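Written below as structure tokens is the structure these notes are about.
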Ligand code: SAH
């Protein structure tokens, strides 16, 4: 097979905004791609699904730099497919609905290069749906029309028949129309559409930051200006807009409109962020910790050399599990060396991580913290038993100390370090100063310590004191130890999880706003 026949371009619709609204086929194409060429409005979470070695090229608008022209993009796709690459071209919504996908496909066809069109959920129908507006409805609209609002309405010969649009019976949906909103509404009224026609604007539909404005056609442009409504938005005009009163659902979610900071390490942040977003929150990922290998592996390696001698191996975090097994593999061993030991996990996530490695977990305490592990093992430990504790460098000493009191011989070794994460300090300071953050979440003591350290250090927008930054911000904590660290640093925890897991924390966050 020559390289030319191997290359292919998938023109994929990424959906209207929320990363969950891509098709299965679209996701397959992302995972398979050697190169991903993507636009603005494509969710970063989708890009994270690509394989590790994949390359990315951003071809969207750039305010301060040269923006690639459509011709350049077309040529780029041809060139990369000719090199034999699997190219996934990701576009917002559907690739053939104002996506210029047709032009890209045409040049590929001309060059006899293989391509596939993967349709996407277009914002033109999905965004109204998320605002609770059905684009057709028996008795209200027997059809809908989707048009661009981007064209010059003063042009002598418009590509659109505005009279037909104004006098048509169905719902009118306008994309890319925010820049021309006053002209569009005036033109529709001029051509005979009633100024009383119900209308809506939906900004960033399907995303946590969705905003909807409803008005009559006559008042729409003025109201949009007053409320500073901006691009990107879908304009919906027609009687169906009234259905929203009854069918509004997305914006009714319990955490809708809340901005919540997730401070966990990047690898773990998205699962938590997705839970909060499913409840309607907008999340801001600000990783304050990062998992790094220990400075020195000699402690862990010594223990790995005598794994058979341990009666218990206790894992106190998912990171501990992953770091331990990475090193085990690096040293040419595998799980068979753990045959003799009882395996204990501090909580359900740690247990899951162990099971993924093919191990059966012998015990999990009912409460997910060190003290409960001691309680659980009290009955089982016989003086002289060897216990291995692969942990973080900063872990509390209490577990090892208490087990030693029971007569165990404990090897408390560093399997990983938590170092400072790469959260965007300037951005978070700016959002906090502007009062745009509702809550900050802490999932461990080190998240508290690092967040305070990062936010208060010198630099642009540096605060006079931490408290001056945290006006009106609520803090949520995963459990009592984390809360205590926060209190010691002068932060007052508003909600604490009853069950010390991410699900428990999510529950607590929900209850916090239910009560208030
Ligand atoms: N191919 C895309 C449309 C591209 S044109 C699709 O099928 O959805 C870009 C326009 O789409 C924007 O100007 C805006 O009008 C609309 N749009 C796309 N995503 C949107 C979103 N999440 N919320 C509101 N409008 C959106």
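Numbering (this note's numbering), first residue to last: 527 to 1042.
Every residue gets a Cβ at the ideal spot worked out from N, C-alpha and C, and that includes glycine.
As the structure is a prediction and not an experimental result, all values here were calculated from the model.
- Taking all protein chains shown into account, residue 964 has 16 or more neighbouring C-beta atoms within 10 Å of its C-beta and is therefore buried.
- Our two residues, residue 738 and residue 701, have alpha carbons roughly 15 Å apart in a direct line.
- Per DSSP, the beta bridge partners of residue 870 are 840 and 889.
- Inter-residue distance for residue 926 and residue 938 is about 7 Å (C-alpha atoms, whole angstroms).
- According to DSSP, residue 535 shares a beta bridge with 613 and 641.
- For the pair residue 586 and residue 533, the Cα-to-Cα distance works out to about 23 Å.
- Nearest Cα to residue 922 within the set 1011, 861, 935 and 880: 1011.
- Its Cα nearest to that of residue 573, the residue 617 stands out among 908, 772, 588 and 617.
- Non-local C-beta neighbours of residue 580 in its own chain, meaning closer than 8 Å and more than five positions away in sequence, comprise 559, 560, 561 and 562, ordered along the chain.
- Where residue 631 is concerned, the enclosing alpha helix (DSSP H) starts and stops at 627-636.
- Between the segment 802-817 and the segment 776-794 there are three or more inter-stretch CB-CB distances shorter than 8 Å, so the stretches are counted as touching.
- The beta carbon of residue 645 is closer than 6 Å to those of 539 and 620 in its chain, skipping five residues each way along the sequence.
- In terms of Cβ geometry, residue 670 and residue 697 form a close pair [threshold 7 Å].
- Here residue 707 is buried. Its C-beta has 16 or more other C-beta atoms within 10 Å.
- Where residue 1010 is concerned, the enclosing alpha helix (DSSP H) starts and stops at 1006-1014.
- In the DSSP assignment, no residue is bridged to residue 998.
- Note that the C-beta distance between residue 762 and residue 659 is below 7 Å.
- Our two residues, residue 633 and residue 962, have alpha carbons roughly 45 Å apart in a direct line.
- In chain order, 585 place their CB closer than 6 Å to the CB of residue 599, counting only its own chain and leaving out the 5 sequence neighbours on each side.
- With a threshold of 16 other beta carbon atoms within 10 Å, residue 591 falls short and is exposed.
- Every beta strand (DSSP E) stretch that sits fully inside the segment 927-980 and reaches 3 residues is listed by chain position as 935-946 and 965-968.
- Excluding sequence positions up to five before and after residue 1015, its CB lies within less than 8 Å of the CB of 974, 975, 978 and 992, all in the same chain and listed in chain order.
- For residue 564, DSSP records a beta bridge to 584 and 616.
- Nearest C-alpha to residue 754 among 547, 663, 997 and 727: 727.
- Shown here, residue 1022 sits in a strand according to DSSP, grouped into three states.
- Leaving aside the five residues that flank residue 567 on each side, the residues in its chain whose CB is nearer than 6 Å to its CB run, in chain order, 618.
- In the structure shown, residue 760 adopts extended strand secondary structure according to DSSP, grouped into three states.
- Taking a contact to require three or more Cβ pairs closer than 8 Å, the segment 659-668 and the segment 635-644 do not qualify as touching.
- Not one heavy atom of the ligand SAH falls within 6 Å of the beta-carbon of residue 661.
- In this structure residue 895 is not in contact with residue 919, their Cβ atoms being roughly 19 Å apart against a cut-off of 8 Å.
- The ligand SAH has a heavy atom closer than 6 Å to the beta-carbon of residue 758.
- DSSP places residue 816 inside the beta strand (DSSP E), whose first and last residues are 815-818.
- The continuous alpha helix (DSSP H) containing residue 651 extends over residues 649-656.
- Taking the Cβ of residue 906 as the reference point, every heavy atom of the ligand SAH lies at 6 Å or farther away.
- Residue range 737-742 is occupied by the beta strand (DSSP E) that includes residue 737.
- Counting along the chain, residue 800 sits inside no beta strand (DSSP E); it lies in the alpha helix (DSSP H) bounded by residues 792-804.
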